[in-house]
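Residue numbers for the sequence shown follow my numbering, so the first one is 2 and each next one is one higher.
One structure is given below, encoded as structure tokens.
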Amino acid sequence: MNRWQNRVAVVTGASSGIGAECCKDLVAKGMIVVGLARRADRLEELKAALPTEQAARFYGHQCDVSVEQQVIDSFAWIDKTLGGADVLINNAGIVRRINITDKGNSVDLQDILNTNVLGVTWCTREAFLSMRKRQINDGHVVIINSVAGHSVPIAPGFSLNMYAPSKHAITALTEVLRQEFFNKGTMIKVTSISPGVVNTEIFNEKSPEVVSKMPMLRPEDVADAVIYCIQTPPNVQIHELTIKPVGERF
2 MNRWQNRVAV VTGASSGIGA ECCKDLVAKG MIVVGLARRA DRLEELKAAL
52 PTEQAARFYG HQCDVSVEQQ VIDSFAWIDK TLGGADVLIN NAGIVRRINI
102 TDKGNSVDLQ DILNTNVLGV TWCTREAFLS MRKRQINDGH VVIINSVAGH
152 SVPIAPGFSL NMYAPSKHAI TALTEVLRQE FFNKGTMIKV TSISPGVVNT
202 EIFNEKSPEV VSKMPMLRPE DVADAVIYCI QTPPNVQIHE LTIKPVGERF
């Protein structure tokens, strides 16, 4: 992690779960960290809980990644205030407990795609453009994907609805980005990390009776995977990393 000392990492969905753990881990390892999230109060709580020296290097910034202009404005603020992002952790994601075949679900379906697919796309675009403008050639984009982005598990009691297709899109997006980064002559890396079930709010709020019976990863486990991927040497790119809790059936 030596080369990342005092460089800037941006983490989306930073107010809880995997995003919050990534923020804590990255700032503890010497990076300047910007946490983007809709819930500004949660970002303030996260900063207050950090040791003083680490808190000085953490910046919470309110941003809904499903709104393109908010993403553009946030990365412009990062460029102006901190000089730009060198690492991007695309973690923000949502799930809804609906069925695709239900009536009246259009808003939920659109919200999932806007956050899980377009939000990742817009954040990556803005971070990449910032890196290119500053001639940063060793940046790293990490996308928190899901095992549901590679195959659709049977989830007793509820449908994965648009969540699974959104994560399949992310799997394809990772490869498209790798090709675009290469075609533009950069050494900027892109990595998809696909966890199994993680003990976070995203599932517990929607289906507690189902996930309570499943083996689960901790948010810290996924944050550890992020650190592992970004500290690889310049000639190594982990394109896809899948991690599951022991005993997971899919």
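Think of the CB as a built atom: it goes at the ideal place given N, C-alpha and C, for glycine as much as any other residue.
Checklist entry - For A50, is the classification buried or exposed, using 16 other Cβ atoms within 10 angstroms of its Cβ as the cut-off for buried? => result Under this definition A50 is an exposed residue.
Next on the checklist: Taking only three categories from DSSP, how would you classify N91?
Outcome noted: Three-state result, N91: strand.
Checklist entry - Excluding five sequence neighbours on each side, which residues of the same chain lie with their C-beta closer than 7 Å to the C-beta of P235? => result Cβ within range, chain order: D139, M188.
Checklist entry - If you draw a straight line from the C-alpha of T53 to the C-alpha of D42, how long is it? => result The C-alpha of T53 lies about 18 Å from the C-alpha of D42.
Next on the checklist: Assuming D26 and I228 are in contact, meaning their beta carbons sit under 8 Å apart, how far apart are those beta carbons, in whole angstroms?
Outcome noted: The beta carbons of D26 and I228 sit about 6 Å from each other, so the pair counts as a contact at 8 Å.
Checklist entry - Measuring CB to CB, does I171 end up less than 9 Å from C230? => result No, they are not a contact pair.
Next on the checklist: Given a cut-off of 9 Å on the beta-carbon distance, is the pair I244 and G197 in contact?
Outcome noted: Contact check for I244 against G197 passes: the beta carbons are separated by less than 9 Å.
Checklist entry - Are the CB atoms of H252 and V191 nearer to each other than 9 Å? => result The question about residue 252 has no answer here: the residues shown for the chain are numbered 2 through 251.
Checklist entry - N1: buried (16+ other C-beta within 10 angstroms of its C-beta) or exposed? => result The chain is shown only over 2 to 251; residue 1 falls outside these bounds and no answer can be derived.
Checklist entry - How long is the line joining the alpha carbons of T201 and G84, rounded to whole angstroms? => result So the alpha carbons of these two residues sit roughly 32 Å apart.
Checklist entry - By DSSP, does C169 sit in helix, in strand, or in coil? => result The sequence shown places His at residue 169, not Cys. DSSP, read as helix, strand or coil, puts H169 in helix.
Checklist entry - For H62, which residues does DSSP report across the bridge? => result In the DSSP assignment, H62 forms a beta bridge with L37.
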